[in-house]
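With the sequence shown counted from 1, adding 13 to any position gets you the working numbering. What follows is a single structure, written as structure tokens, with notes after it.
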Amino acid sequence: MSVNIIFRIAAVGILVTILVQVLKHSGRDEQAFLITLAGLILVLSWVIPYIYDLFESVQTLFTIS
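Following this line, the structure appears as structure tokens:
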């Protein structure tokens, strides 16, 4: 895993936070929620392959044969 993904997640977090604050102050709470949900889905799509690799390595480490 590279450090690049951590910076990308942090950048998405900062952008989502700024957008949500702007939308909430303008009274668009539904759109702020959708922005938050989109950011979460984007970050999860980046992280899920790493989680899958982690579970694969743990499974191969503890195989009972």
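Even glycine gets a Cβ: it sits at the ideal position worked out from N, Cα and C.
For residue 49, the first and last residue of its enclosing alpha helix (DSSP H): One-based indexing of the sequence shown puts residue 49 at position 36. In the DSSP annotation of this structure, the continuous segment of the alpha helix (DSSP H) that includes residue 49 starts and ends at 42-74.
Continuous alpha helix (DSSP H) stretch holding residue 35: start and end: Along the sequence shown, read from residue 1 onward, the residue named residue 35 stands at position 22. According to the DSSP assignment, residue 35 belongs to the alpha helix (DSSP H) that extends over 17-38.
Residue 68 versus residue 43 - alpha carbon distance: Within the sequence shown, residue 68 is the residue found at index 55, counting from 1. Within the sequence shown, residue 43 is the residue found at index 30, counting from 1. A direct Cα-Cα distance of roughly 36 Å separates residue 68 from residue 43.
Pair within 8 Å by beta-carbon distance, residue 33 and residue 48: Locating residue 33 in the sequence shown gives position 20, where the first residue counts as 1. Locating residue 48 in the sequence shown gives position 35, where the first residue counts as 1. A Cβ-Cβ contact shorter than 8 Å links residue 33 with residue 48.
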